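I have placed the structure first, in the form of structure tokens, so that the comments after it can refer back to it.
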Amino acid sequence: MAKYAGKDAFHLRVRVHPFHVLRINKMLSCSGADRLQTGMRGAFGKPQGTCARVNIGQVLLSVRCKDSNSHHAQEALRRAKFKFPGRQKIIVSRKWYVTSFLRN
Numbered sequence: 008m009a010k011y012a013g014k015d016a017f018h019l020r021v022r023v024h025p026f027h028v029l030r031i032n033k034m035l036s037c038s039g040a041d042r043l044q045t046g047m048r049g050a051f052g053k054p055q056g057t058c059a060r061v062n063i064g065q066v067l068l069s070v071r072c073k074d075s076n077s078h079h080a081q082e083a084l085r086r087a088k089f090k091f092p093g094r095q096k097i098i099v100s101r102k103w104y105v106t107s108f109l110r111n
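Here is the structure:
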């Protein structure tokens, strides 16, 4: 998007943030492991990574640009949706960004 339209020609907003911490309870699988670990007792785990909890139909990204650069924005979002799991849809709004005003 910045390559074709320029970095001052659009405004991209990430609408979800990864605040949910993923944890892992590592288990040993060698012989004698039953004397070294406690199984599921106190199995809180160590932090492994973060993720965002997203509902169906929730907006992930928003892009505001002029109508002359809209095809560049749609192509950028089409390429970006392959980076997310699940089925993603690109919706072109008739409103001006996140307001209730129409784009005239």
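Count the sequence shown with our numbering and you get residues 8 to 111, in order.
Here a beta-carbon is modelled for each residue, glycine too, at the ideal position from N, C-alpha and C.
None of these values were measured; they are calculated from a predicted model.
Residue closest to residue i, alpha-carbon to alpha-carbon, out of the options
i, options, result
"alanine 80", "Phe89, Arg60 and Ser69", "Ser69"
"arginine 30", "Phe51, Arg71, Cys37 and Thr45", "Phe51"
"lysine 102", "Gly93, Arg71, Phe17 and Arg94", "Arg71"
"histidine 18", "Met8, Lys90 and Thr45", "Met8"
"glycine 93", "Ser38, Gln44, Gly46 and Val61", "Val61"
"valine 28", "Lys73, Arg48, Glu82 and Ala59", "Ala59"
"methionine 34", "Lys10, Gln95 and Arg48", "Arg48"
"lysine 73", "Cys37, Ala87 and Arg110", "Arg110"
Cα-Cα separation between residue i and residue j, rounded to whole angstroms
i, j, result
"isoleucine 97", "valine 21", "14 angstroms"
"asparagine 76", "alanine 12", "6 angstroms"
"alanine 83", "lysine 10", "11 angstroms"
"arginine 86", "serine 36", "41 angstroms"
"serine 38", "lysine 14", "58 angstroms"
"threonine 45", "asparagine 32", "11 angstroms"
"glutamine 95", "proline 25", "18 angstroms"
Bridge partner(s) assigned by DSSP for residue i
i, result
"glycine 56", "Leu29"
"phenylalanine 17", "Cys72"
Whole-number beta carbon distance between residue j and residue i, since they are thought to touch under 8 angstroms
i, j, result
"valine 99", "glutamine 65", "That belief does not hold up - the Cβ atoms of valine 99 and glutamine 65 are roughly 18 angstroms apart, past 8 angstroms."
"phenylalanine 91", "leucine 67", "7 angstroms"
Hey, is the region 94–108 in contact with the region 46–62, meaning 3+ C-beta pairs nearer than 8 angstroms? The region 94–108 makes no contact with the region 46–62; the number of CB pairs closer than 8 angstroms stays below 3.
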